[in-house]
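Counting in the numbering used here, the sequence shown runs from 21 upward without gaps. Presented below is the structure to which this report refers.
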Amino acid sequence: MSTTLSGRTLARLIQQKAHDEARDLETEGLRPTLAVVVATDDGSTHWYVRSIERAAESAGISCRIVDLGHDATEQVLASVLKDLSAESSVNGIILQTPLPSRVDADALVGHIAPEKDVDGANPLSLGRLAVGQPSFAPATARAVIEILDHFDIPVAGRNVVVIGRSAVVGKPLSLLLLERDAAVTVCHSRSGPLEKHTKTADVVVVAAGRTGLLNGGHISSGAVVIDVGTNVLPDGSLVGDVEQASVRGIAAALTPVPGGVGSVTTSLLLLHTTEAAREQSRALVRGTAG
């Protein structure tokens, strides 16, 4: 039977770490502040944002929800992101998706200051990650690494297949895995039959946003499967990209959905906010000393 790689305990550990860092910062007169910019009337998005707000408050982090409405223009969104980037009391910024269809999301994330880009959305953050410079990786990509570390699953010298090449998960995750000396293959819609790549993989990470994309026939016995997918079914339930019933029993270990990668992602956003606040405080001291 496959081992279940639950993210809930790890998420609590990371949230406690964020809480401890926030408490230390507050003794220095600084309360970390996260701003979440929202421009949608999607109910599930607002539920998720409220969950971030609750988690932030319990960790001692101020969370400012900037709800601009589903009809917000690109100009308004850009202006708000620029203002938040310039505001010294704001340490972290998230531009929550989905966004109005008429706005250019790629252009908007470029207005988030890299030092406040706690979800690694600005292309500058991805570029810095690629060349090994300090930056915040997208929280979901880092969550995969944290889960592998937490459960002592090595990747150095092992074949790791990442399914999906988005700038949010697939691409940054492949960079993080390369840093760990993994042999990384990235699969996408033009890669051909999945099993051609996944059958020889020690670890398979699925982040494509397609229900049932990976099944037991795609993997070899003993592989580790990390399911990053979050797909909402018509009945409102949440499932991943992996056909869990057919994979369980073949894979050595498998993350659940929900309760896996997603559990860790929110906690990492909070930790990134405290890390950003700490670095901004240090930069201010260096600037004053100079």
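For each residue, glycine too, the CB sits at the ideal point set by N, CA and C. Bear in mind the structure is a predicted one, so any value in this text is a computation, not a measurement.
Given this structure, state the Cα-to-Cα distance separating residue i from residue j, to the nearest angstrom.
{"i": "V182", "j": "I270", "result": "19 angstroms"}
{"i": "K37", "j": "T285", "result": "14 angstroms"}
{"i": "Q116", "j": "H238", "result": "33 angstroms"}
{"i": "A31", "j": "R210", "result": "35 angstroms"}
{"i": "S141", "j": "T23", "result": "Contrary to the premise, residue 141 reads as Ala rather than Ser in this sequence. If I take the Cα positions, the gap works out to 32 angstroms."}
{"i": "R43", "j": "R298", "result": "12 angstroms"}
{"i": "G177", "j": "V223", "result": "11 angstroms"}
{"i": "E166", "j": "P52", "result": "23 angstroms"}
{"i": "G282", "j": "Y68", "result": "11 angstroms"}
{"i": "S105", "j": "P174", "result": "38 angstroms"}
{"i": "L149", "j": "L54", "result": "22 angstroms"}
{"i": "V226", "j": "L274", "result": "11 angstroms"}
{"i": "L146", "j": "V58", "result": "22 angstroms"}
{"i": "Q10", "j": "H39", "result": "For the chain, the structure presents residues 21 to 310; residue 10 sits outside this window and is missing."}
{"i": "H19", "j": "Q95", "result": "With the chain covering only 21 through 310, there is no way to say anything about residue 19."}
{"i": "T114", "j": "G63", "result": "Reading off the sequence, residue 114 comes out as Ile, not Thr. Roughly 18 angstroms separates the two Cα atoms."}
{"i": "N179", "j": "A202", "result": "6 angstroms"}
{"i": "V189", "j": "L198", "result": "14 angstroms"}
{"i": "L253", "j": "V100", "result": "34 angstroms"}
{"i": "L258", "j": "I72", "result": "18 angstroms"}
{"i": "G112", "j": "S82", "result": "10 angstroms"}
{"i": "L19", "j": "V277", "result": "Only positions 21 to 310 of the chain appear in the structure, and residue 19 is not among them; the question remains open."}
{"i": "V123", "j": "A221", "result": "39 angstroms"}
{"i": "L78", "j": "H66", "result": "Contrary to the premise, residue 78 reads as Ser rather than Leu in this sequence. Rounded to whole angstroms, S78 to H66 spans 18 angstroms at the Cα level."}
{"i": "D247", "j": "L290", "result": "22 angstroms"}
{"i": "N251", "j": "G232", "result": "10 angstroms"}
{"i": "A92", "j": "A243", "result": "45 angstroms"}
{"i": "A187", "j": "G212", "result": "21 angstroms"}
Given residue i, which residues of its chain have a CB within under 6 angstroms of its CB, disregarding the five upstream and five downstream residues?
{"i": "R162", "result": "L288"}
{"i": "E240", "result": "Note that residue 240 corresponds to Ser in the displayed sequence, not to Glu. Around S240: K219."}
{"i": "S194", "result": "V182, V204 and V206"}
{"i": "T294", "result": "A38, E41, A42 and P52"}
{"i": "T160", "result": "V189 and T285"}
{"i": "D137", "result": "S145 and F156"}
Who are the near neighbours of residue i in its chain, counting only those whose CB is closer than 8 angstroms to its CB and skipping five residues on each side?
{"i": "S301", "result": "L45, E48 and L50"}
{"i": "E135", "result": "A296, E299, Q300 and A303"}
{"i": "S109", "result": "T53"}
{"i": "M21", "result": "R268 and G269"}
{"i": "L214", "result": "I183, C207, L233, L234 and H238"}
{"i": "R84", "result": "T53, L54, A55, V56 and V110"}
For the beta strand (DSSP E) containing residue i, name the first residue and the last one.
{"i": "T65", "result": "Looking at the DSSP string, T65 is not in any beta strand (DSSP E); the run it does join, the alpha helix (DSSP H), is G63 to S78."}
{"i": "L54", "result": "T53 to V58"}
{"i": "D124", "result": "Segment: none, D124 is in no beta strand (DSSP E) and carries neither H nor E."}
Could you give the first and the last residue of the continuous alpha helix (DSSP H) run that contains residue i?
{"i": "T160", "result": "A159 to H170"}
{"i": "I34", "result": "R28 to T47"}
{"i": "D103", "result": "E94 to A106"}
{"i": "R148", "result": "P143 to A150"}
{"i": "A265", "result": "Q264 to V267"}
Which partner residues of residue i appear in the DSSP bridge assignment?
{"i": "A273", "result": "T23 and V244"}
{"i": "L115", "result": "V57"}
{"i": "I85", "result": "V56"}
{"i": "V259", "result": "N251"}
If you drop the 5 nearest sequence neighbours on each side, which residues of the same chain put their C-beta closer than 7 angstroms to that of residue i?
{"i": "R185", "result": "K191, V206 and H208"}
{"i": "G279", "result": "S26, G27 and R28"}
{"i": "P143", "result": "G130"}
{"i": "V164", "result": "L193, V225, I246, V248 and V281"}
So is the beta-carbon of residue i under 7 angstroms away from any non-hydrogen atom of the ligand SAH?
{"i": "Q153", "result": "The ligand SAH is not among the ligands present in this structure, which contains no ligands whatsoever."}
Sequence ranges, beta strand (DSSP E) only - wholly within the region 176-234, length at least 3: 179-183, 203-207 and 223-226
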